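Take a look at the structure set out below.
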Amino acid sequence: MAEDLNWAVGGEAGDGIDSTGKIFAQALSRAGRHVFTSKDFASRIRGGYTAYKIRTAVDDVQSVVDRLDILVALTQRTIDENLDELHEGSAIIYDGERSWEAEIPDEITAVDVPLKSLAEEAGGAIMRNVVALGAACEIADFDVEYLDESLEKRFGGKGSKIVENNKEAARLGQEYVQENYDLDHLGYSLETTDNDYVLLNGNEAIGMGAIAAGCRFYAGYPITPATSIMEYLTGRIEEYGGHVVQAEDELSAINMALGGARAGARAMTATSGAGIDLMTETFGLIATSETPLVITDVQRSGPSTGMPTKQEQGDLNMALYAGHGEVPRFVVAPTTITECFWKTIEAFNLAEKYNTPVFLISDLAMSVTEQTFPPEAFDMDAVEIDRGKLVDDDTVGEWLDSQGRFRAHAATEDGVSPRAIPGTTDGAHMSTGLEHDELGRRTEETDVRVQQVDKRNRKVETAKEEEGWEYREFGNPDSDNLVLSWGSNEGALVEALDYLEEDDIDLRVISVPYIFPRPDLTDEIESAEDVIVVECNATGQFADLIEHDALTRVKRINKYTGVRFKADELAEQITEKLSAEVPA
Amino acid sequence: MSSDVRFTDFKSDKQPTWCPGCGDFGTMNGMMKALAETGNDPDNTFVVAGIGCSGKIGTYMHSYALHGVHGRALPVGQGVKMSRPDIEVMVAGGDGDGYSIGAGHFVHAVRRNVDMTYCVMDNRIYGLTKGQASPTSRSDFETSTTPEGPKQPPVNPLALALASGASFIAQSFASDALRHQEIVQEAIEHDGFGFVNVFSPCVTFNDVDTYDYFRDNLVDLEEEGHDPNDYEAAKEVILDSEKEYQGVMYQDENSVPYNEQHGVTEDMSEIPDGAPEDAMDLVREFY
Ligand SMILES: Cc1ncc(C[n+]2csc(CCOP(=O)(O)OP(=O)(O)O)c2C)c(N)n1
Ligand code: SF4
Chain A
0 MAEDLNWAVG GEAGDGIDST GKIFAQALSR AGRHVFTSKD FASRIRGGYT AYKIRTAVDD
60 VQSVVDRLDI LVALTQRTID ENLDELHEGS AIIYDGERSW EAEIPDEITA VDVPLKSLAE
120 EAGGAIMRNV VALGAACEIA DFDVEYLDES LEKRFGGKGS KIVENNKEAA RLGQEYVQEN
180 YDLDHLGYSL ETTDNDYVLL NGNEAIGMGA IAAGCRFYAG YPITPATSIM EYLTGRIEEY
240 GGHVVQAEDE LSAINMALGG ARAGARAMTA TSGAGIDLMT ETFGLIATSE TPLVITDVQR
300 SGPSTGMPTK QEQGDLNMAL YAGHGEVPRF VVAPTTITEC FWKTIEAFNL AEKYNTPVFL
360 ISDLAMSVTE QTFPPEAFDM DAVEIDRGKL VDDDTVGEWL DSQGRFRAHA ATEDGVSPRA
420 IPGTTDGAHM STGLEHDELG RRTEETDVRV QQVDKRNRKV ETAKEEEGWE YREFGNPDSD
480 NLVLSWGSNE GALVEALDYL EEDDIDLRVI SVPYIFPRPD LTDEIESAED VIVVECNATG
540 QFADLIEHDA LTRVKRINKY TGVRFKADEL AEQITEKLSA EVPA
Chain B
0 MSSDVRFTDF KSDKQPTWCP GCGDFGTMNG MMKALAETGN DPDNTFVVAG IGCSGKIGTY
60 MHSYALHGVH GRALPVGQGV KMSRPDIEVM VAGGDGDGYS IGAGHFVHAV RRNVDMTYCV
120 MDNRIYGLTK GQASPTSRSD FETSTTPEGP KQPPVNPLAL ALASGASFIA QSFASDALRH
180 QEIVQEAIEH DGFGFVNVFS PCVTFNDVDT YDYFRDNLVD LEEEGHDPND YEAAKEVILD
240 SEKEYQGVMY QDENSVPYNE QHGVTEDMSE IPDGAPEDAM DLVREFY
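As they're listed, the protein sequences go chains A and B.
Using numbering that gives the first Met the number 0, you'd call the opening residue of the first sequence number 0 and step up by one each time.
Using numbering that gives the first Met the number 0, you'd call the opening residue of the second sequence number 0 and step up by one each time.
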């Protein structure tokens with residue numbers, strides 16, 4: 000009896016794979032089971048292979064594994080693509096009436112269900128995926144009523160007839176399997192609990208965090224995989240008095256966001272690598288004019304247009320070094336979906352506390368992965384807003400010079416200047432990308448130049464002292480084996496601990512959510528015998544930083560196939576690395 | 000907003016470094032007077048400037064202001080107005096800034112119809128980079144980078160605006176102070192994107208499109224009895240390449256500005272101390 004179940008639906012892009020998967024994932028979540036999903040899709044709207052995979056358990060699941068138990072195959076390619084993940088206990092649901100002859104390996108249980116005919120019987124061929132879901136419930140011994148709830152949620156807006164038809168389709172699928180197959184030997188039985196869970200992905204968590212943090216103005220230009228942040232905010236942010244604008248390009252998007260921020264709104268833009276390239280032009284202006292702005296980069300596989308629908312963590316150097324000249328910034332990289340929420344809020348606070356641009360870097364795997372959490376994981380009562388040194392009519396006076404002019408770039412000890420927004424009496428001032436004095440007026444005077452550069456850089460020093468640049472830690476804190484990671488690899492690493500434990504290997508895992516400034520890990524590294532840095536890129540950009548900080552060489556695990564790490568795969572690679580030599 | 004605001008309140012204490020006689024002096028004065036005349040004050044006004052001699056205007060004016068990167072002033076201005084409907088927004092830049100590097104933004108700013116004013120200081124040359132051809136330079140205008148002239152027709156910014164669905168198109172001349180001020184004032188008062196192409200002669204690098212040239216050739220549309228609400232008549236003067244006009248060419252009487260179209264009415268700078276009261280609903284949506 001499997002403790003967890005790995006399920007997938009696959010077919011052509013345009014077959015409704017995504018919504019089918021989502022309906023099932025939601026049903027499992029409503030049944031109080033943990034869910035972790037992953038998507039496999041090509042950069043085409045029709046004609047490419049796509050799959051939606053779900054791993055579900057009563058215990059927390061945080062990664063994908065190389066195993067599939069139930070596969071709904073709408074095409075032969077779905078079967079071929081997943082062959083190596085199927086095993087003796089697997090079942091494939093397919094439609095034998097379809098024109099293709101399904102080639103299913105002998106040891107795998109073939110469950111031939113006339114999906115299309117049954118769907119037509121329920122009211123329309125379009126529901127064949129729902130018939131398959133009913134069949135899947137039967138095989139997994141999962142109460143089809145949870146599926147009903149999910150169908151209501153999905154189709155409720157389209158009228159009760161559509162909901163009823165879909166429920167009927169699910170019933171027909173379930174009954175067909177019941178009547179024609181005896182699958183008890185597979186041994187699947189999905190336990191349910193009374194737990195409440197919500198199911199969401201990283202981009203949704205970023206969007207929700209932005210609204211919670213008071214972001215009211217979003218300007219963006221569509222690009223995979225960042226677009227869904229914009230889609231999430233559209234139609235929701237208005238409820239809170241905000242607005243989303245689709246700009247003509249990324250140059251415009253970031254400049255609009257800059258305008259919003261200077262006008263006093265908490266503003267954000269989000270894009271992926273190629274868009275950051277264009278935004279880089281304005282990045283220096285944002286830093287020099289000391290504008291609080293959150294710029295989200297949902298990384299995908301580069302360079303250039305690369306593999307738009309594939310995972311990578313290759314933009315770290317860009318976030319750190321983007322822009323000509325020397326530009327202070329913060330780089331924050333959430334490590335889990337809940338952290339996408341909390342770190343977004345923190346990004347807005349950092350931006351306004353230090354009047355500085357903040358790069359919030361996420362990645363494709365996190366952006367499309369849906370995962371279950373107790374709703375308290377997003378406890379809105381715990382959200383804190385810090386608007387920094389924002390002055391008003393009463394406090395602006397402290398910052399006026401002898402001639403009554405607002406010192407917008409006052410060279411304070413902590414490097415942070417006051418901020419007056421339009422409408423504040425006596426706060427009027429100019430901001431510019433040109434080097435300027437305390438009043439914002441252009442200058443090329445050497446001492447003022449040095450004063451302002453030092454002032455801006457001092458903010459980072461202040462922040463290093465004032466903020467808690469902690470890391471997240473898992474495994475055995477006393478282990479000699481230290482594994483470091485950033486971004487979405489955390490989940491797979493945490494699960495890899497279980498696999499390694501079976502081989503009596505213990506690890507101390509440190510997952511770092513801050514790239515700049517970042518926690519000082521020198522002590523942790525010095526007290527370990529083996530240090531391995533895990534990341535989804537070819538050159539080891541984070542490993543380079545670690546080596547630089549700790550003045551030592553580390554071992555590296557790099558994956559740049561376009562696919563995220565899997566827990567079992569990571570466990571294997573870590574075992575190999577532990578016995579390997581440290582690179583010279 | 001107070002009635003005792005004078006246009007000099009919009010002046011900063013920085014002395015302009017424009018060449019003596021540059022058209023930008025007159026352009027700026029008219030803009031400041033128009034702002035004061037329409038009841039604005041520095042604390043409720045946001046000026047966005049581009050890059051170029053023209054872009055320096057933000058430095059010499061006093062208000063909330065941003066001097067941005069080359070060609071991107073319009074997006075900044077739109078961002079300000081979209082998030083702060085209560086603020087008066089004015090954007091200024093040059094012909095290179097607005098019609099070359101920023102041409103894409105121009106088209107889209109026009110069609111969005113955000114309620115703001117855009118004054119382009121058109122000297123038909125790149126001033127700050129010392130005299131290269133601009134998009135509005137004549138096709139035979141000899142410059143350091145086009146010794147035989149650009150050999151391509153100049154951009155007609157008014158036509159570009161018309162084709163993009165502009166709700167207000169005007170042209171003025173920096174040296175005709177009163178008319179220039181009046182026209183900018185009308186642009187400010189217009190409900191939507193008020194676009195004014197201002198002839199602002201460069202006395203240093205352009206010896207063709209001079210004060211004298213404009214004085215001799217400029218036809219005032221008001222004197223001609225032009226009706227700006229007449230689209231066909233507007234088309235005719237805008238596409239007329241034989242004459243130079245000043246005045247309001249086109250104004251859409253039914254213009255509905257962006258913020259109104261999109262129901263963006265709130266001052267977005269005001270947010271709660273923590274998450275909004277009903278924010279848990281956002282989480283429950285994911286049940
Ligand atoms: C990205 C970028 N490219 C080039 C420049 C150099 N540059 C500064 S001003 C300018 C042209 C300005 O011409 P125009 O807009 O007509 O303004 P004018 O100086 O004539 O008022 C150029 C090309 C720059 N500042 N930034
Ligand atoms: S170079 Fe031309 S545009 Fe620039 S300040 Fe001098 S006269 Fe004016």
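C-beta: ideal position from N, C-alpha, C; glycine also.
Since we're looking at a predicted model, the values are computed, not measured.
Proximity winner among the options, relative to residue i (alpha-carbon distances)
i              : options                        : result
residue 376(A) : 338(A), 48(A), 413(A)          : 338(A)
residue 238(B) : 188(B), 161(B), 176(B), 143(B) : 161(B)
residue 291(A) : 315(A), 389(A), 273(A)         : 389(A)
residue 355(A) : 178(A), 303(A), 266(A), 422(A) : 266(A)
residue 403(A) : 386(A), 387(A), 384(A), 427(A) : 427(A)
residue 113(A) : 53(A), 445(A), 169(A)          : 169(A)
residue 333(B) : 274(A), 242(A), 136(A), 564(A) : In the structure displayed, chain B extends from 0 to 286; residue 333(B) sits before or after that span and is not available.
residue 34(A)  : 573(A), 490(A), 116(A), 223(A) : 490(A)
residue 520(A) : 545(A), 129(A), 500(A)         : 545(A)
residue 183(B) : 18(B), 202(B), 32(B)           : 32(B)
residue 64(A)  : 85(A), 76(A), 401(A)           : 85(A)
residue 419(A) : 393(A), 16(A), 452(A)          : 393(A)
residue 578(A) : 467(A), 55(A), 528(A), 189(A)  : 528(A)
residue 400(A) : 371(A), 439(A), 422(A), 415(A) : 439(A)
residue 224(B) : 244(B), 286(B), 154(B)         : 244(B)
residue 172(B) : 142(B), 166(B), 122(B)         : 122(B)
residue 253(B) : 228(B), 95(B), 236(B), 241(B)  : 228(B)
residue 317(A) : 286(A), 272(A), 430(A), 508(A) : 272(A)
First through last residue of the beta strand (DSSP E) which encompasses residue i
i              : result
residue 362(A) : 356-362
residue 311(B) : The requested residue 311(B) does not occur in the structure, where chain B is confined to residues 0 to 286.
residue 570(A) : First-last for residue 570(A): 566-577, but that is the alpha helix (DSSP H), not the beta strand (DSSP E).
residue 556(A) : 554-557
residue 321(B) : Outside the shown range of chain B (0 to 286) lies residue 321(B), about which nothing can therefore be said.
residue 6(A)   : 4-11
residue 462(A) : Residue 462(A) -> not in any beta strand (DSSP E); alpha helix (DSSP H) instead, spanning 445-465.
residue 64(B)  : 63-66
Boundaries (first-last residue) of the alpha helix (DSSP H) holding residue i
i              : result
residue 206(A) : 201-211
residue 149(A) : 143-154
residue 90(B)  : Note, residue 90(B): premise wrong, no alpha helix (DSSP H); beta strand (DSSP E) at 87-93.
residue 34(B)  : 22-36
Proximity test, residue i beta-carbon vs ligand 4 heavy atom, cut-off 8 Å
i              : result
residue 154(B) : With respect to ligand 4, the structure shown offers nothing to examine, as its ligands consist of ligand 1 and ligand 2.
Open item on the list: Taking beta-carbon pairs under 7 Å, can you tell me which members of the stretch 66-78 of chain B lie near chain A?
Closed with: 66, 67, 68, 71, 74, 75, 76, 77, 78
Open item on the list: If we require 4 or more residues per run, which alpha helix (DSSP H) segments fall completely within the stretch 253-320 of chain A?
Closed with: 272-287, 315-320
Open item on the list: Within 8 Å, do at least three Cβ pairs link the stretch 304-315 of chain A to the stretch 352-368 of chain A?
Closed with: yes
Open item on the list: For the stretch 191-204 of chain B against the stretch 23-42 of chain B, do three or more pairs of beta-carbon atoms, one drawn from each stretch, fall closer than 8 Å, so that the two count as touching?
Closed with: yes
Open item on the list: If contact is defined by three or more beta carbon pairs under 8 Å, each pair taking one atom from either stretch, is the stretch 260-279 of chain B in contact with the stretch 381-388 of chain A?
Closed with: yes
Task: Complete runs of the beta strand (DSSP E) confined to the stretch 105-162 of chain B [at least 3 residues] - done: 115-121
Task: Within 9 Å of chain B by C-beta, residues of the stretch 214-244 of chain A in sequence order - done: 214, 215, 216, 218, 235, 237, 238, 239, 240, 241, 242, 244
- [ ] Would you list, in sequence order, the uninterrupted beta strand (DSSP E) runs of no fewer than 3 residues that lie entirely inside the stretch 21-82 of chain A?
- [x] 33-40, 48-56, 67-72
Task: the stretch 458-466 of chain A / the stretch 484-492 of chain A touching (three or more Cβ pairs under 8 Å) - done: no
TODO: Using a Cβ-Cβ cut-off of less than 9 Å, list which residues of the stretch 268-284 of chain A approach chain B; keep chain order.
DONE: 280, 281, 283, 284
- [ ] Could you run through the stretch 367-383 of chain A and flag, in chain order, every residue whose CB is less than 8 Å away from some CB of chain B?
- [x] 374, 377, 379, 380, 382, 383
Open item on the list: Short of 7 Å Cβ to Cβ, which residues in the stretch 27-61 of chain B face chain A?
Closed with: 41, 42, 43, 45, 57, 58, 61
TODO: Report the residue ranges of all beta strand (DSSP E) runs contained in full by the stretch 91-135 of chain A; include only those spanning at least 3 residues, in chain order.
DONE: 108-111
Task: Whole runs of the beta strand (DSSP E) within the stretch 175-249 of chain A, excluding any shorter than 3 residues - done: 197-200, 214-219, 242-245
TODO: Could you please tell me which residues of the stretch 409-423 of chain A, in chain order, have their CB closer than 9 Å to any CB of chain B?
DONE: 419, 420, 421, 422, 423
- [ ] Could you tell me whether the stretch 102-115 of chain B touches the stretch 256-273 of chain B, where touching means 3 or more Cβ pairs closer than 8 Å?
- [x] yes
- [ ] Below 8 Å between beta carbons is the criterion; list the residues of the stretch 81-99 of chain B that meet it against any residue of chain A, in chain order.
- [x] 81, 82, 83, 85, 86
- [ ] Give, in chain order, every unbroken run of the beta strand (DSSP E) that is at least 3 residues long and sits entirely within the stretch 486-549 of chain A.
- [x] 507-510, 513-515, 529-534
Open item on the list: Count Cβ pairs between the stretch 153-171 of chain A and the stretch 194-210 of chain A that sit closer than 8 Å; are there 3 or more?
Closed with: no
Open item on the list: Beta carbons nearer than 8 Å to chain B: which residues of the stretch 288-302 of chain A have them?
Closed with: 288
- [ ] Any chance you could list the alpha helix (DSSP H) runs of at least 4 consecutive residues sitting entirely within the stretch 175-247 of chain B, in chain order?
- [x] 176-188, 210-216, 230-238
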